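All residue numbers for the sequence shown refer to the working numbering, where the first residue is 10 and numbers rise by one. Shown next, in structure tokens, is the structure this report addresses.
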Amino acid sequence: MKTLHMTRQLQRCKNKRFELYAITRIIHKVDDLDIKFITQQYVARPDGFALTDLYLPQLKLHIEIDEGFHKQQVDADKVRELDIITATDHQVKRIDASVAIEQINLQVDQIVAEILQSVEVQKAAGNFQAWDPETEHSVSYLQSRGVIRASENVALRTSAEVCNLLGHNYKGWQRSSASVPHYPNIRLWFPKLYPNEQWFNHISYDGCEIHEYCIESETKKRQFIDKNLSENIQQMVFARVKDELGQTMYRFKGLFILDRDKTCHESGVYWKRVATEFELGLT
Numbered sequence: 010m011k012t013l014h015m016t017r018q019l020q021r022c023k024n025k026r027f028e029l030y031a032i033t034r035i036i037h038k039v040d041d042l043d044i045k046f047i048t049q050q051y052v053a054r055p056d057g058f059a060l061t062d063l064y065l066p067q068l069k070l071h072i073e074i075d076e077g078f079h080k081q082q083v084d085a086d087k088v089r090e091l092d093i094i095t096a097t098d099h100q101v102k103r104i105d106a107s108v109a110i111e112q113i114n115l116q117v118d119q120i121v122a123e124i125l126q127s128v129e130v131q132k133a134a135g136n137f138q139a140w141d142p143e144t145e146h147s148v149s150y151l152q153s154r155g156v157i158r159a160s161e162n163v164a165l166r167t168s169a170e171v172c173n174l175l176g177h178n179y180k181g182w183q184r185s186s187a188s189v190p191h192y193p194n195i196r197l198w199f200p201k202l203y204p205n206e207q208w209f210n211h212i213s214y215d216g217c218e219i220h221e222y223c224i225e226s227e228t229k230k231r232q233f234i235d236k237n238l239s240e241n242i243q244q245m246v247f248a249r250v251k252d253e254l255g256q257t258m259y260r261f262k263g264l265f266i267l268d269r270d271k272t273c274h275e276s277g278v279y280w281k282r283v284a285t286e287f288e289l290g291l292t
């Protein structure tokens, strides 16, 4: 699994020579298969999205490789970097790839030293979680931890696995929602957070609001809104997304309640986030 992940990640930047050089040098000099690397990491922005060149999720660190053309867009890069930090609360470091190769190597060496130091700090504090692709999307592993947090990018491969994480025992599940055992006022929801034939679902760039709008018919839209207004339900959202390898995953986004002030027949349903973690409480 690690070999497949690493080789696919490097393949994604094969057409960018300086980026590929810097990234591979970082990975080889760090030389630690317990550290996960992701290339072209998607980050939502207010007016679209950014793809950061290299991301280390355990350290919440993004590394950008700036080739020569970046000198012509310094202000735009600053805005982009601020958007990334605001949306993720992560750190961003940059490598100037327009300089001589010796200087690129020095910058890489500095970042590698900082990466290794950060890992040592986490290990000393007992907080470092070694990357294990066999357990990071495992129901039993997540259950053993006892809590799920949106900040940790909790994701499972199927909606049935999500249901089982919360206490069901399903072999398969194809519906867009499910119950949560022992929590009658909480409903699991598996939205596609992108337009499709029947629904327009959109999550704000900060992850705090979901706009849900039925586009199938006016009658169904009104019935759906009236139903939600008549209930008092929290939605535990596991959004259907694509992971860094292009596989469909169900990622935990938090607990949401109906925003009654914004929800109406004209604009659709609005959900606002009230919690970013949930204690599983399984017995």
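A virtual CB, placed ideally from N, CA and C, is assigned to each residue, including glycine. On a predicted model such as this, the values are computed, not experimentally measured, just so you know.
CB contact flag (residue i, residue j, <8 Å)
i	j	result
W208	E218	no
L264	R282	yes
K69	Q119	no
I74	A106	yes
A159	E288	no
I93	P66	no
T272	N241	no
V163	F261	yes
Q244	W198	yes
Y259	L165	yes
F58	Y51	yes
A109	D43	no
Inter-residue Cα distance where the pair is residue i and residue j
i	j	result
Y150	V171	13 Å
Q126	R17	27 Å
I212	Q49	21 Å
A187	A169	10 Å
K23	K180	39 Å
G290	G155	7 Å
E145	D98	22 Å
W182	P190	15 Å
A284	P55	22 Å
As assigned by DSSP and simplified to three states, the class of residue i
i	result
H157	Per the sequence shown, the amino acid found at residue 157 is Ile instead of His. Of the three classes helix, strand and coil, the one that applies to I157 here is strand, per DSSP.
V250	strand
S149	helix
M258	strand
A122	helix
V189	coil
R166	coil
E143	coil
V101	strand
T95	helix
L267	strand
R282	strand
I113	helix
D86	helix
R184	coil
E240	coil
D215	coil
F233	helix
Start-to-end residues for the alpha helix (DSSP H) that takes in residue i
i	result
F209	Run containing F209: none in the alpha helix (DSSP H); it sits in the beta strand (DSSP E), W208 to I212.
Y30	R26 to V39
H14	K11 to Q20
Host beta strand (DSSP E) of residue i (start-end)
i	result
T48	I47 to R54
D62	G57 to L65
E73	L70 to D75
L197	I195 to W198
Check whether the region 223 to 234 touches the region 131 to 143, taking contact to mean three or more Cβ pairs, one atom from each stretch, closer than 8 Å. For the pair of segments examined, the region 223 to 234 was found not to touch the region 131 to 143: the number of CB pairs separated by less than 8 Å stays below three.
Meets three-Cβ-pair contact criterion under 8 Å: the region 113 to 126 and the region 25 to 36: Enough Cβ pairs lie closer than 8 Å, so yes.
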